[in-house]
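Numbering (UniProt numbering), first residue to last: 1 to 291.
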C-alpha cells in the first residue's frame, strides 16, 4: 500500500515462496541488486529515491504518524498474532490449513510452525508464563479493541487519517486492518469489534477499491464462487443429512429404551394362562374300534 500511495512505478509478482525473502516473510522488494524485506527498510530506500507518501506533512503530523504506528505495534499486533496463531480454533480450522495449502512443499512443513513459535515468543514477553490463557486472551483483546476505537475516533468522517491523501499511517493501518476484516475467522471476537467501527470498515473498502481494484474484484468473485459451491453442496447433502438425523433420533430412542429395560426403570410383565384340557378341548369320543 505504501508504494501505491507514494506513486512508485512498481511491478507486482505473485509468489507463495517466502524462501525468496531474506527474512522468510513476504512481501519482498527488489530494485536492481537491492533486496529488502522489512517495511522500515523499504520506506527508507524509497525516500532516498524521492518517493514518499509523507512529503508535505507538518512536524505535528509526522509525530502523529510515529505515535499511532507505535500504538498499532504495541496494542494491535500482539492480538493479531494471538488470533492467527495461538487461538486454538482459529489456528486449527483456518490459519494452519490455509498456510499449509498455500505454501509449496516442503516449506509448508516448516513455516507455519515457525510463525506459530514467533507469535508465542512475542506473547511470552508480555505475560507471565504461568498466566491463565483466558487472562492473556482478554488482556490482548482489551488493548486491541481500545486501539481500534482510538483509530476510529481519529479517522472520524475523513477519507484518510491526515488529510485528503493517504500517508504512511494509512498504509500501516490498512496493512493491519484489511486481513483482520476479510479473514473468515471461526472465532471472530476482535473482527466483530472492527466491524462495529463502520468508518474503519469504509476506510479498508475505500483503499482496496481505489488502489487495488483488480485484487478487490478477484476477491469478490472468489467469495461469490465459494458461496455458490457451499449452497450446492448443502442442497446435495440435504437428503442424506435428513436421513442421518432420523437414524440418529431412532438410535437414541432405542438406546434409551434399552437402558431403561436393563436398569429396571421400565418393567414388562407377561401373563401366562394355564391350559385346561376340559375347557379348551372337547372330549374325544371313543371310536368303534376301541369298544
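Glycine included, each C-beta is placed from N, C-alpha and C at the ideal position.
Taking only the alpha-carbon atoms, compute the straight-line gap between residue i and residue j and give it to the nearest angstrom.
i: residue 112; j: residue 94; result: 12 Å
i: residue 101; j: residue 108; result: 7 Å
i: residue 128; j: residue 72; result: 22 Å
i: residue 52; j: residue 228; result: 43 Å
i: residue 194; j: residue 138; result: 16 Å
i: residue 164; j: residue 5; result: 12 Å
i: residue 211; j: residue 3; result: 10 Å
i: residue 39; j: residue 135; result: 32 Å
i: residue 155; j: residue 122; result: 29 Å
i: residue 46; j: residue 33; result: 15 Å
i: residue 116; j: residue 25; result: 13 Å
i: residue 1; j: residue 160; result: 13 Å
i: residue 174; j: residue 207; result: 8 Å
i: residue 106; j: residue 199; result: 42 Å
i: residue 146; j: residue 197; result: 11 Å
i: residue 67; j: residue 50; result: 24 Å
i: residue 83; j: residue 90; result: 7 Å
i: residue 188; j: residue 180; result: 9 Å
i: residue 221; j: residue 126; result: 40 Å
i: residue 215; j: residue 114; result: 28 Å
i: residue 22; j: residue 149; result: 35 Å
i: residue 98; j: residue 81; result: 15 Å
i: residue 42; j: residue 74; result: 21 Å
i: residue 217; j: residue 131; result: 44 Å
i: residue 213; j: residue 176; result: 19 Å
i: residue 92; j: residue 48; result: 43 Å
i: residue 266; j: residue 133; result: Its pLDDT being 47, under 50, residue 266 is placed unreliably in this model, and the coordinates cannot settle the point.
i: residue 37; j: residue 7; result: 19 Å
i: residue 190; j: residue 96; result: 19 Å
Could you name the residues that DSSP lists as bridge partners for residue i?
i: residue 31; result: 34
i: residue 160; result: 163
Determine the burial state of residue i: buried for a count of at least 16 other Cβ atoms within 10 Å of its Cβ, exposed for fewer.
i: residue 85; result: buried
i: residue 153; result: exposed
i: residue 204; result: buried
i: residue 55; result: exposed
i: residue 19; result: exposed
i: residue 58; result: exposed
i: residue 63; result: exposed
i: residue 35; result: exposed
i: residue 15; result: exposed
i: residue 110; result: exposed
i: residue 79; result: buried
i: residue 119; result: buried
i: residue 192; result: exposed
i: residue 87; result: buried
i: residue 124; result: exposed
i: residue 268; result: With a pLDDT of 44 at residue 268, under the threshold of 50, the modelled position of that residue is not reliable, and the figure given next carries that caveat. So residue 268 ends up on the exposed side.
Shortest alpha-carbon distance to residue i belongs to which of the options?
i: residue 76; options: 105, 41, 172 and 158; result: 172
i: residue 292; options: 70, 6, 47 and 104; result: Residue coverage of the chain in this structure runs from 1 to 291, which leaves residue 292 outside it and unanswerable.
i: residue 44; options: 89, 159 and 168; result: 168
i: residue 157; options: 202, 177, 87 and 148; result: 202
i: residue 166; options: 124, 61 and 37; result: 61
i: residue 69; options: 170, 124, 191 and 41; result: 170
i: residue 178; options: 209, 150 and 162; result: 209
i: residue 65; options: 96, 98, 97 and 151; result: 151
Any C-beta of chain C sitting closer than 9 Å to the C-beta of residue i?
i: residue 183; result: Of the chains in the structure shown, none is chain C; there is only one protein chain.
**Study point:** Given 8 Å, three or more beta-carbon pairs between the stretch 21 to 30 and the stretch 132 to 143
**Key:** no
Review point. Does the count of Cβ pairs from the stretch 177 to 194 and the stretch 6 to 22 closer than 8 Å reach three?
Key: no
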